[in-house]
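The structure under discussion appears below in the form of C-alpha cells.
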Ligand code: CTP
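In our numbering, the protein residues as written are 567 to 720.
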C-alpha cells in the first residue's frame with residue numbers, strides 16, 4: 567500500500583488543484599493532504615480568502631483524498647512523513663528542488679502545474695472587475711452631476 571502526501575493552500579479551489587490531487591493520488595493507494603492553516607498562510611505572506619475549515623472541508627470532499635490535516639509551519643513535513651508512513655511526497659513544480667533533503671526518508675516527486683490558472687490569477691481577475699465597476703460608477707456620477715449643472719440645479 568503506497569501512501570502519498572502533499573501540501574497546499576487550496577484557496578478559491580480551482581481545476582489546477584483538482585488535477586494536482588488526482589495526479590498525486592494516481593501515484594499510490596492512499597492520499598493525505600496538509601492544508602495550510604490561516605496563521606501559516608499569513609506567515610508566508612499569503613492572505614487566503616476562504617478560511618482554513620472550509621478549504622480543508624473542500625479538499626477532504628475530493629474522492630481521491632483520504633485525509634486532511636493542518637500545515638502550520640515549514641518544518642513539520644519530516645514528522646508528517648514519519649507519522650503517516652508516507653512513501654511519496656508530492657509538491658508542485660513551483661517547489662522544484664526545495665524538498666530534496668526529504669528524499670532520505672521518502673520519494674519526493676515534483677508535478678508540473680496546470681497551465682494558465684492560479685489562485686493569484688483568480689484574485690487579480692476579481693480586483694480588475696472591481697476596478698471596472700468603480701470606473702463605471704464614477705462615470706455615472708459625473709454624468710449625473712453634468713446633467714444637474716446643465717439644468718442649473720447645482
Ligand atoms: N497547482 C497546480 N496547478 C496550478 C495551481 C496549483 O498543479 N495551476 C498545485 C500547486 O503546485 C500545489 C497545489 O496545487 O501543489 C496547491 O497549490 P496552491 O499554492 O494552493 O494554489 P495556487 O493556485 O498555486 O495558489 P497561489 O496563486 O496563491 O500560489
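Cβ coordinates follow ideal geometry from the N, Cα and C atoms, glycine included.
Euclidean distance between Cα positions of residue i and residue j
| i | j | result |
| --- | --- | --- |
| residue 695 | residue 705 | 15 Å |
| residue 591 | residue 709 | 57 Å |
| residue 720 | residue 707 | 13 Å |
| residue 624 | residue 637 | 15 Å |
| residue 644 | residue 693 | 38 Å |
| residue 631 | residue 703 | 45 Å |
| residue 640 | residue 603 | 12 Å |
| residue 635 | residue 698 | 39 Å |
Check: residue i C-beta below 7 Å from any heavy atom of the ligand CTP
| i | result |
| --- | --- |
| residue 606 | no |
| residue 585 | yes |
| residue 635 | no |
| residue 615 | no |
| residue 644 | no |
| residue 724 | Residue 724 is absent from the structure shown; the chain starts at 567 and stops at 720. |
| residue 624 | no |
| residue 660 | yes |
| residue 568 | no |
| residue 666 | no |
| residue 691 | no |
| residue 654 | no |
| residue 683 | yes |
| residue 612 | yes |
Inter-residue CB distance, residue i and residue j (contact presumed, cutoff 8 Å)
| i | j | result |
| --- | --- | --- |
| residue 569 | residue 650 | 6 Å |
| residue 601 | residue 621 | 6 Å |
| residue 581 | residue 680 | 6 Å |
Contact test: residue i Cβ vs the ligand ATP heavy atom, cutoff 7 Å
| i | result |
| --- | --- |
| residue 663 | The ligand ATP is absent from the structure shown, which contains only the ligand CTP. |
Note to self: Quick check for students: name the residue ranges of the alpha helix (DSSP H) that lie wholly in the segment 598–674, counting only runs of 4 or more.
What the structure shows: 604–610, 618–626 and 643–650
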